[in-house]
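S.K.: The structure is given below, and queries will be raised subsequently.
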Amino acid sequence: MNLFKQIKVWVVALALTTMSTTTYAQITNDISHDEAFEILLAAKKNAEDSNVLVNIAVVDAGANLKAFIRMDDSFLGSIDVAIKKAKTARYFDIDTGKLGELTQPGGIIYNIEHSNDGLMTFPGGLPIKNKDGKIIGAIGVSGGTIEQDRAIATAGAKSIVD
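Numbering (this note's numbering), first residue to last: 800 to 961.
Quick look at the structure:
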């Protein structure tokens, strides 16, 4: 190996070593695990009070799954739907039901639900805001009617600002 290639290998190795030992702080507009669980439990309580069996997903500001619960006997198919509702709400910072209105035939973003490995464009996904109004994540609920899913998601999302 010539000297130039050896230097390149050492530079890349040094860069990778430095990057792998760097500690990344949580960004200030990201949901904490305590907030995620508070939201999850508030949504679960609302679902229980409404006698609805659902799956509830909370994602962080980067749309990564942060907390999840599948209530006993809830639909297995709703696991993926709840997660996708939460991700969709965060990807576009919008209530998934409102997004769905824009995706209807003739709508300004018709067929967008086929992007990003599949989006959910019906109610039950909401952005989560902190007390300063900054979006820090999103919640997705699936298993009830769309009205029930939206109400449960709303209860969860509002729990950290009320």
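We treat Cβ as the ideally placed atom computed from N, Cα and C, and that holds for glycine.
#1: Go ahead and label Leu898 buried or exposed: buried means 16 or more other beta carbons lie within 10 angstroms of its beta carbon, across all protein chains shown.
#2: Any idea if Lys883 is buried or exposed, counting beta-carbon neighbours within 10 angstroms, 16 or more meaning buried?
#3: Just the C-alpha distance for Glu946 and Pro922, rounded to the nearest angstrom, thanks.
#4: Across which residues does DSSP place Pro926 in a beta bridge pair?
#5: Given Ala849, which residues of its chain have a CB within under 8 Å of its CB, disregarding the five upstream and five downstream residues?
#6: If you follow the beta strand (DSSP E) that Ala771 is in, where does it begin and where does it stop?
#7: In whole angstroms, give me the CA-to-CA distance for Leu875 and Leu918.
M.R.: In short:
#1: Taking a 10 Å sphere around the C-beta of Leu898, we find 16 or more other C-beta atoms and assign the residue as buried.
#2: By the 10 Å Cβ count, Lys883 comes out buried.
#3: Spanning the two alpha carbons is a distance of roughly 7 Å.
#4: The partner list for Pro926 (beta bridge, DSSP) reads Ala937.
#5: Per the sequence shown, residue 849 should be read as Ser rather than Ala. Hits under 8 Å: Gly943, Gln947, Ala950, Ile951.
#6: Coverage of the chain is limited to positions 800 through 961, which leaves residue 771 absent and any answer about it impossible.
#7: One C-alpha to the other measures close to 18 Å.
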